[in-house]
Amino acid sequence: MKRIFILFCIFLPFFSFSQIGGLNSYSFVNLEISPRVTAMGGAFFAVYDNDLSIGVTNPSVLNIKMNNEIMFNYTDYISDINCLSFAYARDINNFGTAIISVKSFNYGDLVLNNSIGDSLGMFSASDQIITLGFGKLLYEKLMLGLSLNLLNSNYYIYSSLAISSNIGVTYLNLKKNFISSLLVKNLGRQLTTYNVNESLPFEIQFALSKKLAHLPFRYHITYTNLSRFDIKSPFKLKSQTNFETGNLEVKQETFAKTFLRHIVIGGELNPFNKSFFIRGGFNFQRRFDLSLSSYPATTGFSWGLGFKVSKFRFDYSRSSFHISSYPNYFSISTNLSTFGL
């Protein structure tokens with residue numbers, strides 16, 4: 010069974026190849042809704058515990074600690090956008106740990122206009138993701154995971170369907186409290202389209218984290234977009250007129266700044282032995298592209314809290330996308346085994 014699982018993970022990309030680069034459809038697959046992840050910068054990170062929200066994105070960290078765990082998330086996103094999600098995991102003897110997740114993004118009611126601007130009423134738009142994932146400890150320190158995602162979009166009278174997969178490999182060293190993961194995201198293709206075929210937002214990410222030996226603190230570093238170095242926004246101003254000379258000057262970005270766009274950092278302080286968590290993070294790409302030059306404020310920063318009450322765990326986070334946009338993320342989770350289920 011182990012060999013079959015490995016071969017399936019190796020050959021799946023050849024059947025679900027996606028074009029890299031340019032603008033993509035189904036960008037909602039990269040909207041992170043986990044309070045823990047968003048609190049620490051908004052990019053996936055490597056950790057070995059019972060948090061289902063990590064395993065939904067990175068299936069290689071699925072493990073026996075997640076057996077019979079259940080989680081609900083709610084995201085109060087920008088404007089009228091919100092998201093609801095559910096996840097459940099089950100350990101399967103001699104195979105690994107399986108997870109199922111459902112996400113639904115609702116974009117609210119939008120005004121429907123014709124070509125000359127006359128209002129024709131209102132319409133709704135939404136996206137859904139159904140995820141089925143598997144993870145397995147192959148050797149003492151090596152974990153492998155695969156997830157399949159069914160993506161569905163409904164905008165007015167238009168609909169589209171796609172299938173994608175995430176493949177992850179994780180190195181685990183519990184003695185040194187160190188873990189690292191390599192994740193290949195959004196390998197796939199459209200099944201039905203609005204008009205023409207478009208690529209999915211393919212990405213390769215690498216993350217590492219370590220818990221300090223003499224302090225209840227874990228730090229993490231994630232490097233995003235391994236397959237593409239220049240990830241500047243195509244909509245960012247690249248040139249401007251010098252008012253003293255009247256010449257058009259092209260703004261060149263330094264190598265260091267382009268490199269930092271890939272970096273997401275975060276930390277988690279656990280002062281009360283797994284009952285209370287304080288989290289914080291910083292996203293360089295978000296800071297560079299979304300902040301106002303005249304007033305950057307806290308754009309790019311994020312923070313959150315986590316605590317346990319009786320048999321339930323609660324998490325909350327808040328991230329700064331812009332001086333006018335501060336999404337809020339909530340989750341509640343528990344283990345059904347504590348209720349005898």
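With my numbering applied, the sequence shown covers 10 to 350.
Ideal placement from N, C-alpha and C gives every residue a C-beta, glycine not left out.
Note that the structure is a prediction, hence the values are computed from the model and not measured.
Residue 61 and residue 96 closer than 8 Å at C-beta
Contact flag set, yes.
Check residue 26 in the structure and name its three-state DSSP category.
Low local confidence applies: a pLDDT of 41 at residue 26 is under 50, so the model's placement there is unreliable, with the coordinate-based value given in what follows. Three-state DSSP puts residue 26 in coil, outside helix and strand.
Best match in 137, 77 and 176 for proximity to residue 156 [C-alpha to C-alpha]
Measuring from the Cα of residue 156, the nearest candidate turns out to be 176.
Report the partner residues of residue 190 according to the DSSP bridge assignment.
In the DSSP assignment, residue 190 is bridged to 179 and 216.
Does DSSP put residue 306 in a helix, a strand or coil?
Shown here, residue 306 sits in coil according to DSSP, grouped into three states, outside any helix or strand.
By the DSSP assignment, the alpha helix (DSSP H) with residue 129 in it spans what residues?
Looking at the DSSP string, residue 129 is not in any alpha helix (DSSP H); the run it does join, the beta strand (DSSP E), is 128-146.
Residue of 278, 150 and 163 minimising C-alpha distance to residue 133:
Answer by Cα proximity: 163.
If you run the structure through DSSP and keep just helix, strand and coil, what is residue 39?
Here residue 39 sits in helix by DSSP.
Per DSSP, the bridge partner or partners of residue 223
According to DSSP, which records beta bridges pairwise, residue 223 is partnered with nothing at all.
Using three-state DSSP, classify residue 296 as helix, strand or coil.
If DSSP states are grouped into helix, strand and coil, residue 296 belongs with the helices.
Over what stretch of residues does the beta strand (DSSP E) that includes residue 2 continue unbroken?
Residue 2 is absent from the structure shown; the chain starts at 10 and stops at 350.
8 Å Cβ cutoff met for residue 48 and residue 309
The Cβ-Cβ distance between residue 48 and residue 309 does not fall below 8 Å.
Beta carbon of residue 339, beta carbon of residue 231: below 8 Å?
Cβ atoms of residue 339 and residue 231: not closer than 8 Å.
Which residues DSSP lists as bridging residue 184, in chain order:
Under the DSSP definition of a beta bridge, residue 184 lacks any partner.
With a threshold of 16 other CB atoms inside 10 Å of the CB of residue 9, please say whether the residue is buried or exposed.
Residue 9 is absent from the structure shown; the chain starts at 10 and stops at 350.
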